[in-house]
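These notes are about the structure you will find just below.
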Amino acid sequence: QGHPAEQEWETYRQAGRLLATLHGQLAVLDTEFHAQQNARALAWLNGEHRIDAETAAELRTLIESWPTPPATVVPTHGDWQARNWLIEGDQVRVIDFGRAALRPAATDFARMAARDFRGRADLEEAFLAGYGTDPREPEEWARTQLREAIGTAAWAYLVGDEAFEAQGHRMLAEALTAF
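Using full-length UniProt numbering, the letters of the sequence shown correspond one by one to residues 1 to 179.
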């Protein structure tokens, strides 16, 4: 974290290639994934948080209306972002697989979209050049970003991380514009 290479095109190209390799190991159909993720988002909303009551009610209604089709899931890192990349010379390596699980590939893009790609379309372009394709289907991507925002705001509140909670509320406001 904080390495100058975190802002370089080649770093993101390599990180994209590494993630494509991870995602390419296996793909299976999960008939419960979306229902489980929606239930998880609703559980966050039903717990303690500082999302205003009107917005929380709107979110509940929205999430309850979402389709829950089968999802193609792949091995994911769960926290794929520059702070989990070790850079040695000109080579990128990845650490912290504590959140690894089978999920749709696009879910590994969520944290980068919230931080690393903000205002840096060039880094997103580099990442996609390394990854090879863009797995973010627009409608499901909007739902993924909204669930991620809810989880970020609520979790950060529970652990007392005000800066991260503010990021979650920013993510929430931005994600809601897609609906």
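We treat Cβ as the ideally placed atom computed from N, Cα and C, and that holds for glycine.
It should be emphasised that the depicted structure is a prediction, and the values quoted were computed from it without experimental measurement.
Residues bridged to PRO104 [DSSP beta-bridge criterion]:
Under DSSP, PRO104 takes part in no beta bridge, so it has no partner.
Is TRP155 helix, strand or coil by DSSP?
Here TRP155 sits in helix by DSSP.
What do you reckon, are the CB atoms on PRO104 and LEU26 nearer than 9 Å?
Here PRO104 is not near LEU26, since their CB atoms are 9 Å or more apart.
Extent of the continuous alpha helix (DSSP H) run through TRP85:
No alpha helix (DSSP H) holds TRP85; the beta strand (DSSP E) holding it covers 85 to 88.
With a threshold of 7 Å on Cβ separation, who are the neighbours of GLU124 within its own chain once the five nearest residues in sequence on each side are excluded?
Correct list, in chain order: PHE117.
For ASP30, the three-state DSSP class (helix, strand or coil)
Looking at ASP30 - three-state DSSP - the assignment turns out to be strand.
Range covered by the beta strand (DSSP E) that runs through THR76:
For THR76, the uninterrupted beta strand (DSSP E) run begins and ends at 71 to 76, by DSSP.
Best match in THR55, ALA163, GLY98, PRO69 for proximity to GLN36 [C-alpha to C-alpha]
Measuring from the Cα of GLN36, the nearest candidate turns out to be PRO69.
For GLN167, the nearest candidate out of THR152, TRP141, ASP122 (CA to CA):
The candidate whose alpha carbon is nearest that of GLN167 is THR152.
Candidates PRO4, THR31, ILE63, GLU54: which alpha carbon is nearest PHE179's?
PHE179 has its Cα closest to that of ILE63, out of PRO4, THR31, ILE63, GLU54.
Beta strand (DSSP E) segment containing residue 180, residue limits
Any answer about residue 180 is impossible in this case: the structure gives the chain only from 1 up to 179.
May I ask which residues mark the beginning and end of the beta strand (DSSP E) holding GLN91?
Its beta strand (DSSP E) spans residues 91 to 94.
Could you tell me the distance, in whole angstroms, from the CA atom of ALA173 to the CA atom of ALA149?
If I take the Cα positions, the gap works out to 9 Å.
With a Cβ-Cβ cutoff of 9 Å, do TRP9 and ALA126 count as a contact?
Contact: yes.
Are the Cβ atoms of ALA39 and LEU59 separated by less than 9 Å?
No, the pair does not count as a contact, with Cβ atoms beyond the cut-off.
With a threshold of 6 Å on Cβ separation, who are the neighbours of ALA56 within its own chain once the five nearest residues in sequence on each side are excluded?
Setting aside the 5 residues that flank it on each side, ALA56 is surrounded in the same chain by LEU45, each with a C-beta closer than 6 Å to its C-beta; the list follows chain order.
Ends of the alpha helix (DSSP H) at PHE55?
Note that residue 55 is Thr in the sequence shown here, rather than Phe. Where THR55 is concerned, the enclosing alpha helix (DSSP H) starts and stops at 53 to 64.
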